[in-house]
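J.: Position in the sequence shown (first residue = 1) + 1 = my numbering.
We put the CB at the ideal spot given by N, CA and C, even for glycine.
Here the structure is a predicted model, which means the values were calculated and not measured.
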Amino acid sequence: MTATEIRGLLVIGLGTALVPLDASVNVAFPQIAAHFALDIPSIRFVVISYVLIFASLTLGFGRIGDLVGYRVVFLVGCFVSTCAFTLCTFAPSFGWFLAGRAMQGTGAALILSVGPAMATGLLGDLRRAEALGWYSMMMALGGVAGPVLAGALLDRFGWSSVFAFRIPVAGAALLLGFTLPQRTLPKSVARFDAAGGVLLAVTIAGLILTLDHLRGLPAGIWAVLGAASLTVATLLAFIWRQRVAVSPIIRLGVLREGDVARITIANILGNLATFAGPLLIPFYLVHFGGVSVQVGGLLLAFSPIGSVLATPVAGRLASRMSSRILAQIGIFIVAATLVGILWAANGHAIAWLVAAMFVHGIGAGLFSVAVLDILTASLPPADRGVAGSLGMVTRTIGTLTGASVLMLIFQAGGPTNTEGGFLAGFQHGFAAAAASALLAGLVLQRRSRRG
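The following block contains the structure:
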């Protein structure tokens, strides 16, 4: 790569890392709850206020990036993120703090909606897979650094430090972002479909609320049905709107071709599977690992470290082989390591469990880069913002589905405060995740026209 390309990728990576660095907030949950005098159930609003806004807006912002230019959207995202981190750091009340989290979700949606398109535009279409590999590596690095930095900051500076340290990072990304090349836009009369954008945002928000309410079953059945009904109604309205809109957000004809629809389903199933480790292994380490919380956090980092190492390699491999086959290899590695984690957990073999987590991260890294490459190749160059943001949104939906469904399966295994009940739930959860990974691989089996 040339020096200009390296500098550009580093700037894009600096802004992109703001999003996965949010993993540091999870470590700060106890201190945040204590500071605002929250009960444990209320902590979920810290997550929902961020994820709900982020997921519901990303795809619409991707379309805006296609129309007005990716650098503009990226710069606005860095500015909004700087303001959001500042508000969260100095929030005088929990209400203001949640407003900052919602603003943070908006900034994250702006940045991630155009990140993949900016990276591929920087290196050119012939090196698309390589660009996506480096981009995914920078995201994975943020996921590794977040919890590690949180552990160092919280003891010395308190909960607000997990937001404060990102203020200068976001500011630097904003200033350096002006050095990024601006894409030359073809002359077009296309306009953003605002009505479609609103319907899409409400649909995704309704889906997220449905997934969140699943945790309250069976008592919360009416909340689930209400949120699901809203989701279906707005989805149907969105489909109708895209059929009649002059400049739709998503061209439904592309979905009907099968490639994009199938890959998005595989992405959801795959990310549901990959989230089993981060969701359930922390509980296992506390119950049976015999390690401190700090050591447990370091052990959990082995999976994202595997992804950091795998993603740039995946970018090179995807340039030389079918991305569909690479995605299958990655997700089948994930399925095998989920079974390996089950075996290691049953024998309380922590060393083998950590090794399986590392290989799990490698598989997840291969899968994520390959899927993003297929989506990018399946849509026209003028829709690269939509392609990249579609990959990010379906990844988030898969993770949230995993958080709800796998936790329900885990709790259905029996009383989790007993060894037998805990291990039964743990086994059922990982078995379901492995099945989801295998299903994702089967969904990918039919050969894509472009992948």
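Can you tell me whether P381 is helix, strand or coil according to DSSP?
T.: Along the sequence shown, read from residue 1 onward, the residue named residue 381 stands at position 380. In the structure shown, P381 sits in coil (DSSP, three-state: anything other than H, G, I, E or B).
J.: Nearest chain D C-beta to V28 closer than 7 Å, yes or no?
T.: Any reference to chain D falls outside this structure, which holds one protein chain only.
J.: Skipping 5 residues on each side, what residues in its chain have a beta carbon closer than 6 Å to that of R451?
T.: One-based indexing of the sequence shown puts residue 451 at position 450. Bear in mind that the predicted position of R451 carries a pLDDT of just 45, short of 50, making it too unreliable to give a figure here.
J.: With a threshold of 16 other CB atoms inside 10 Å of the CB of W344, please say whether the residue is buried or exposed.
T.: As a position in the sequence shown, residue 344 is number 343, starting the count at 1. When all chains shown are included, W344 counts as exposed.
J.: State the Cα-Cα distance for the pair L142 and I375, rounded to the nearest angstrom.
T.: For the purposes of this step, residue 142 is identified with residue 141 of the sequence shown, where counting begins at 1. For the purposes of this step, residue 375 is identified with residue 374 of the sequence shown, where counting begins at 1. Going from the Cα of L142 to the Cα of I375 covers about 23 Å.
J.: Please return the same chain residues whose Cβ sits closer than 8 Å to the Cβ of P279, not counting the five positions on each side in sequence.
T.: Numbered from its first residue, the sequence shown carries residue 279 at position 278. So the list reads L301, S304, once near-sequence residues are dropped.
J.: State the CB to CB distance for the pair L409 and L218, rounded to an integer number of angstroms; the pair is presumed to be in contact (CB under 8 Å).
T.: Here residue 409 refers to the residue found at position 408 of the sequence shown. Here residue 218 refers to the residue found at position 217 of the sequence shown. Contact flag correct, Cβ pair sits at about 7 Å.
J.: Please report the residue range of the alpha helix (DSSP H) in which I250 lies.
T.: If you number the sequence shown from 1, residue 250 lands on position 249. I250 -> no alpha helix (DSSP H), and no H or E assigned at all.
J.: With distances taken between CB atoms, is the gap from A435 to A336 smaller than 7 Å?
T.: Here residue 435 is taken as the residue at index 434 of the sequence shown, counted from 1. Here residue 336 is taken as the residue at index 335 of the sequence shown, counted from 1. Their beta carbons are under 7 Å apart, which means A435 touches A336 by this criterion.
J.: Can you tell me the Cα-Cα spacing of N347 and A438, whole angstroms?
T.: Taking the sequence shown and counting its residues from 1, the one referred to as residue 347 is at position 346. Taking the sequence shown and counting its residues from 1, the one referred to as residue 438 is at position 437. Looking at the two C-alpha atoms, the distance is approximately 21 Å.
J.: I'd like to know whether the C-beta atoms of G63 and S114 end up nearer to each other than 7 Å.
T.: Your numbering for residue 63 matches position 62 in the sequence shown. Your numbering for residue 114 matches position 113 in the sequence shown. Cβ atoms of G63 and S114: closer than 7 Å.
J.: Check whether the Cβ atoms of A4 and V394 sit closer than 7 Å, and answer yes or no.
T.: Sequence index remark: in the sequence shown, residue 4 carries index 3 (1-based). Sequence index remark: in the sequence shown, residue 394 carries index 393 (1-based). No, they are not a contact pair.
J.: Taking the C-alpha atoms as reference points, what is the distance between M139 and A132?
T.: Translated into positions along the sequence shown, residue 139 becomes position 138. Translated into positions along the sequence shown, residue 132 becomes position 131. Roughly 11 Å between the two C-alpha positions.
J.: Can you tell me whether W97 is buried or exposed? The criterion is at least 16 other CB atoms within 10 Å of its CB, across all chains shown.
T.: Indexing the sequence shown from 1 puts residue 97 at position 96. That one is exposed.
J.: I want to know whether the stretch 226-243 touches the stretch 362-376 - three or more CB-CB distances under 8 Å.
T.: no
J.: In the DSSP assignment, the alpha helix (DSSP H) including V455 goes from what residue to what residue?
T.: With the chain running from 2 to 452 in the structure shown, residue 455 is simply not present.
J.: Can you tell me which of G70, L68, A109, P93 puts its alpha carbon nearest to the alpha carbon of G78?
T.: By 1-based counting over the sequence shown, the position of residue 78 is 77. Comparing Cα-Cα distances from G78 to each of G70, L68, A109, P93, the minimum goes to A109.
J.: Looking only at its chain, what residues have a beta carbon closer than 7 Å to the beta carbon of G430, apart from the 5 residues adjacent to it on each side?
T.: Locating residue 430 in the sequence shown gives position 429, counting from the first residue. Around G430, the same chain offers A277, L281, L407, I410, F411 as residues with beta carbons nearer than 7 Å, after the five sequence neighbours per side are excluded.
J.: Just verifying my parser: in three-state terms, what is the DSSP assignment at W160?
T.: For the purposes of this step, residue 160 is taken as residue 159 along the sequence shown, with counting starting at 1. Of the three classes helix, strand and coil, the one that applies to W160 here is coil, per DSSP.
J.: I need the straight-line Cα distance from L10 to S82, nearest angstrom please.
T.: For the purposes of this step, residue 10 is taken as residue 9 along the sequence shown, with counting starting at 1. For the purposes of this step, residue 82 is taken as residue 81 along the sequence shown, with counting starting at 1. In a straight line, the C-alpha of L10 is about 19 Å away from that of S82.
J.: How about G331 and G364: are their beta carbons less than 7 Å apart?
T.: As a position in the sequence shown, residue 331 is number 330, starting the count at 1. As a position in the sequence shown, residue 364 is number 363, starting the count at 1. Yes. Within cutoff.
J.: Could you work out which residue in S320, T397, A350 is closest to G125 when comparing CA atoms only?
T.: The count along the sequence shown starts at 1 and reaches residue 125 at position 124. Ranking S320, T397, A350 by Cα distance to G125 puts S320 first.
J.: Rounded to the nearest angstrom, how far is the Cβ of T17 from that of G178, given a contact under 8 Å?
T.: Here residue 17 refers to the residue found at position 16 of the sequence shown. Here residue 178 refers to the residue found at position 177 of the sequence shown. Rounded, the Cβ-Cβ distance is 11 Å, inconsistent with contact.
J.: Helix, strand or coil for T180 per DSSP?
T.: Against the sequence shown, residue 180 aligns to sequence position 179. Of the three classes helix, strand and coil, the one that applies to T180 here is coil, per DSSP.
J.: Using DSSP with H/G/I as helix, E/B as strand and the rest coil, what is L226?
T.: Taking the first residue of the sequence shown as position 1, residue 226 is located at position 225. In the structure shown, L226 sits in a helix (DSSP, three-state: H, G or I).
J.: Just to confirm the assignment, what range does the alpha helix (DSSP H) spanning S82 have?
T.: Residue mapping note: residue 82 aligns to position 81 of the sequence shown, counting from 1. From DSSP, the alpha helix (DSSP H) with S82 extends over 71-90.
J.: Have a look at I112, T59, F91, V233 and flag the residue whose alpha-carbon is nearest the alpha-carbon of S161.
T.: As a first step, residue 161 must be located in the sequence shown, where it is residue number 160. Among I112, T59, F91, V233, the Cα nearest to that of S161 is on F91.
J.: Please specify which runs of the alpha helix (DSSP H), each continuous and at least 4 residues long, are wholly inside the stretch 93-169, giving them in chain order.
T.: Runs of alpha helix (DSSP H) with 4 or more residues, each lying fully within the stretch 93-169, are found at 95-124, 129-158, 162-165, listed in chain order.
J.: What does the alpha-carbon distance come out to for the pair L391 and L231?
T.: Reading the sequence shown from its first residue, position 390 is the one you call residue 391. Reading the sequence shown from its first residue, position 230 is the one you call residue 231. Distance between the alpha carbons of L391 and L231 is about 21 Å.
J.: Who are the Cβ neighbours of L58 in its own chain at under 7 Å, not counting the five residues just before and after it?
T.: To locate residue 58, count along the sequence shown from 1; it is residue 57. Taken in chain order, the residues that qualify are T107, A110, A202.
J.: What number of angstroms, rounded off, separates the C-alpha of G159 from the C-alpha of L318?
T.: Here residue 159 refers to the residue found at position 158 when the sequence shown is read from its first residue. Here residue 318 refers to the residue found at position 317 when the sequence shown is read from its first residue. So the two alpha carbons sit approximately 43 Å from each other.
J.: Given a threshold of 16 other Cβ atoms within 10 Å of its Cβ, counted over all protein chains shown, does A413 qualify as buried or as exposed?
T.: One-based indexing of the sequence shown puts residue 413 at position 412. Burial call: exposed.
J.: Roughly how many angstroms separate the alpha carbons of L286 and A246, rounded to a whole number?
T.: The residue you call residue 286 lines up with position 285 of the sequence shown. The residue you call residue 246 lines up with position 245 of the sequence shown. Cα to Cα, L286 sits roughly 52 Å from A246.
J.: Starting from Q428, trace the alpha helix (DSSP H) both ways and give me its first and last residue.
T.: Indexing the sequence shown from 1 puts residue 428 at position 427. First-last of the alpha helix (DSSP H) with Q428: 420-444.
J.: Please list, in chain order, all residues of the same chain as L22 whose beta carbon is under 7 Å from its beta carbon, the five residues on each side excluded.
T.: As a working note, residue 22 is residue 21 in the sequence shown. Sequence-distant partners of L22 (beyond 5 residues in either direction) whose C-beta falls short of 7 Å from its own C-beta, in its chain, are G143, A146, G147, R167.
J.: Beta-carbon within less than 7 Å of G101's beta-carbon, same chain only, minus the 5 sequence neighbours each way: which residues are those?
T.: Reading the sequence shown from its first residue, position 100 is the one you call residue 101. Excluding sequence neighbours, G101 sits near A85, L88, C89, A92.
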